[in-house]
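Below is one structure, written out as C-alpha cells, with a few remarks after it.
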Amino acid sequence: MLTKKNLGLIVGIISCLAFFNSILASSYPDGLERVAENLEFMKQARDSFSILAGYKLPIGNQLVSSGLAGLLGVLLTYFTLVGIGKLVTNKKGEA
1 MLTKKNLGLI VGIISCLAFF NSILASSYPD GLERVAENLE FMKQARDSFS ILAGYKLPIG
61 NQLVSSGLAG LLGVLLTYFT LVGIGKLVTN KKGEA
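First residue of the sequence shown: 1, per UniProt numbering; consecutive thereafter.
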C-alpha cells in the first residue's frame, strides 16, 4: 500500500538518483553532436538561450550544477505528466 511515508521515501530515492546520476553523466558529445563534428557542420550551429545549456545550471560548482540540472529535469517531467494526467481525466477520475 502506498502511504505518505512510502511516497516520501520513493521521492527521496528518485531525487538522489537524479542528482547523483547527473553528476556521473559523460561530458563527451552525444550522438547528434558527434555526427555534427564528424561531418564538420558543428561550427555552423548557432547558440540559443537555454537555462540548462550543457545540462548544467549557471552556478559556480560544476558538480552541484549538473546534479541540480538532473533533479530539475526529473521535477519538470513529473509535474508535466501530472498536469497532462489531470487534463485527460474528468471529475469522476475516468479517462
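Each residue gets a CB set at the ideal place from its N, CA and C atoms; glycine is no exception.
Keep in mind the model is a prediction, meaning the values are calculated, not measured.
Report the rounded CA-to-CA distance for Gly54 versus Ser15, giving the unit in angstroms.
-> Position 54 of the sequence shown, counting from 1, holds the residue named residue 54. Position 15 of the sequence shown, counting from 1, holds the residue named residue 15. Computed Cα separation, rounded: 20 Å.
Three-state class that DSSP yields for Ser48 in the structure shown = The residue you call residue 48 lines up with position 48 of the sequence shown. Three-state result, Ser48: coil.
Give the C-beta separation of Leu63 and Ile23 to the nearest angstrom, bearing in mind that I take them to be a contact with Cβ-Cβ under 8 Å.
-> The count along the sequence shown starts at 1 and reaches residue 63 at position 63. The count along the sequence shown starts at 1 and reaches residue 23 at position 23. With 8 Å as the limit, Leu63 and Ile23 qualify as a contact, their Cβ atoms being about 5 Å apart.
Where do the ends of the alpha helix (DSSP H) carrying Ser15 lie?
-> Locating residue 15 in the sequence shown gives position 15, counting from the first residue. It spans Lys4 to Leu24 - the alpha helix (DSSP H) in which Ser15 sits, taken as one unbroken run.
Compare the beta carbon distance of Ala25 and Leu52 with 8 Å and say whether it is the shorter of the two.
-> Within the sequence shown, the letter at position 25 stands for residue 25. Within the sequence shown, the letter at position 52 stands for residue 52. Ala25 is not a Cβ neighbour of Leu52, given a cutoff of 8 Å.
Just to confirm, are Leu71 and Ala18 a CB contact at a threshold of 8 Å?
-> Counting from 1 along the sequence shown, the entry for residue 71 is found at position 71. Counting from 1 along the sequence shown, the entry for residue 18 is found at position 18. Against a cut-off of 8 Å, the Cβ pair of Ala18 and Leu71 comes out as a contact.
Would you mind reading off the limits of the alpha helix (DSSP H) that contains Lys86?
-> Taking the first residue of the sequence shown as position 1, residue 86 is located at position 86. Unbroken alpha helix (DSSP H) run through Lys86: Gln62 to Val88.
Determine the direct distance from the alpha carbon of Ser66 to that of Asn38, and round the result to whole angstroms.
-> Position 38 of the sequence shown, counted from the first residue, corresponds to residue 38. Position 66 of the sequence shown, counted from the first residue, corresponds to residue 66. Here the alpha carbons of Ser66 and Asn38 stand approximately 26 Å from one another.
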